[in-house]
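Here the structure is laid out as structure tokens; the discussion comes afterwards.
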Amino acid sequence: MAIIALVSAKGSPGVTTAALAAALSWHRRLVLAECDPAGGSILAGYLGGALDGPRGLGELAVGELRDGNLESAFWSQLVDLDAPRRERLLLPGVVDPAQAGSVTPLWQRFADFFTGLERGVPPYDVLVDCGRLQVAGPPWPVLRAAAVVLLVTRAHLPDLSATRATVKAIERDFAEHRIPPGTLRLLVVGDGHGGSEISKALRLPVIARLPHDPRTAEVLGHGGTVRANRPLMRAAGALEVPVRALLDRRRARLAWPGAPAPRAVTAPSTPGVSGAV
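Position 211 of the sequence shown, counting from 1, maps to 211 under the working numbering, and the rest follow consecutively.
Below, the structure is given as structure tokens:
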């Protein structure tokens with residue numbers, strides 16, 4: 001299903017929580033990539049820091065700039081969230097702020113690579129946590145390469161006001177880069193204004209709503225046992241259905257003979273993926 005990117009306006013409406021909940025509920029093979037320039041939080045939070053040595057996007061960026069070895073190094077930087085099945089994999093985000101400068105010039109390289117994972121053997125969807133847009137060096141190339149971009153917002157007036165400006169910024173950038181329309185959707189988190197009211201105010205469809213579920217959010221943020229029957233997990237699992245339907249409709253509209261296909265990325269037969277502890 002190619003790249004599905006999650007991004008937010010200012011504040012912290014739960015992009016990482018939503019992305020992790022969706023990743024743990026997804027029904028297809030998936031890589032969750034933490035591409036928030038402000039840094040990743042899943043290693044220290046949900047996984048409790050229980051890994052041996054540095055891992056993730058920052059290490060990949062340093063190696064790519066030094067040796068150009070992204071294809072060979074990628075699989076060794078992943079964490080298996082459902083070990084040993086290798087069906088839900090995590091690419092941890094930047095932990096050391098000093099690595100952020102290495103990542104920024106490589107966003108296009110990562111975007112191209114992520115796109116190729118869809119046609120790999122085996123194929124993987126890529127769910128990308130892009131964090132907040134109002135930071136230094138946001139991952140614009142990843143957003144432009146995404147088949148679906150979910151703008152995460154809370155449903156209260158101050159949040160919607162900030163989200164309106166972010167909608168305009170994304171739409172302006174997509175228009176400048178000739179990104180086909182229909183990519184961007186709203187993902188609403190928590191209580192507040194109704195979906196139809198929000199959609200009308202922001203002139204953008206609401207694809208789904210994730211409920212206020214502080215118990216599950218606490219586990220996803222700080223570790224513990226995730227219960228599939230909790231409201232947040234059920235809603236996150238159901239999110240895959242409208243996302244897939246949107247993608248199918250877009251592909252049907254945009255398909256034409258002779259369109260170049262992204263280069264496929266094939267996983268090694270025994271990838272160096274560490275299991276989550």
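By construction, the Cβ of each residue, glycine as well, lies at the ideal position given by its N, Cα and C atoms.
Residue i versus residue j - alpha carbon distance
i: TRP26; j: ARG119; result: 18 Å
i: GLN108; j: ALA23; result: 23 Å
i: ALA83; j: ASP125; result: 18 Å
i: ARG29; j: ASP213; result: 26 Å
i: ALA267; j: GLN77; result: 13 Å
i: ARG283; j: VAL243; result: Only positions 1 to 277 of the chain appear in this structure, which leaves residue 283 out of reach.
i: PRO211; j: ASP67; result: 45 Å
i: ALA169; j: THR104; result: 19 Å
i: GLN134; j: LYS10; result: 6 Å
i: ALA259; j: THR183; result: Legend: pLDDT at ALA259 = 49, less than 50; position of this residue unreliable, no value from coordinates given.
i: GLU197; j: GLY14; result: 21 Å
i: CYS35; j: SER161; result: 25 Å
i: ALA228; j: PRO205; result: 27 Å
i: GLU218; j: VAL94; result: 22 Å
i: VAL277; j: ARG85; result: Interpretation of VAL277 is limited by its pLDDT of 49, a score under 50 that renders its predicted location unreliable; the figure taken from the coordinates is listed afterwards. Taking the straight line joining both Cα atoms gives about 14 Å.
i: PRO92; j: ARG55; result: 7 Å
i: PRO123; j: LEU81; result: 17 Å
i: LEU232; j: VAL62; result: 36 Å
Under the three-state DSSP convention, the category residue i falls into
i: ALA267; result: coil
i: THR16; result: helix
i: ALA9; result: coil
i: ARG185; result: strand
i: ARG209; result: strand
i: ARG29; result: coil
i: ARG132; result: strand
i: GLY258; result: Because GLY258 sits at a pLDDT of 48, beneath the cut-off of 50, its placement in the model cannot be relied upon, and the point is left open.
i: GLY101; result: helix
i: LEU47; result: coil
i: SER161; result: helix
i: ILE42; result: coil
Residues bridged to residue i (per DSSP)
i: ILE3; result: VAL126
i: ASP80; result: LEU89, GLY275
i: GLU176; result: Partner(s): none; GLU176 has no beta bridge.
i: GLU34; result: ASP129
i: GLY192; result: ALA155
Run of the alpha helix (DSSP H) containing residue i, from where it starts to where it stops
i: ASP112; result: 107-117
i: VAL94; result: VAL94 -> no alpha helix (DSSP H), and no H or E assigned at all.
i: PRO141; result: 140-145
i: VAL226; result: Here VAL226 belongs to no alpha helix (DSSP H), and DSSP marks it neither H nor E.
i: VAL62; result: 57-67
i: ALA238; result: 231-238
i: LEU202; result: 195-202
i: ALA73; result: 70-73
Any non-hydrogen atom of the ligand NAP within 6 Å of residue i CB
i: PRO231; result: The ligand NAP is absent from the structure shown, which contains no ligands of any kind.
Buried versus exposed call for residue i [16 or more other C-beta atoms within 10 Å across all chains shown]
i: LEU144; result: Note that residue 144 corresponds to Arg in the displayed sequence, not to Leu. Looking at its Cβ environment, which holds 16 or more other Cβ atoms inside 10 Å, ARG144 is buried.
i: LEU60; result: buried
i: ALA5; result: buried
i: ALA236; result: buried
i: SER8; result: buried
For residue i, the first and last residue of its enclosing beta strand (DSSP E)
i: VAL149; result: 148-155
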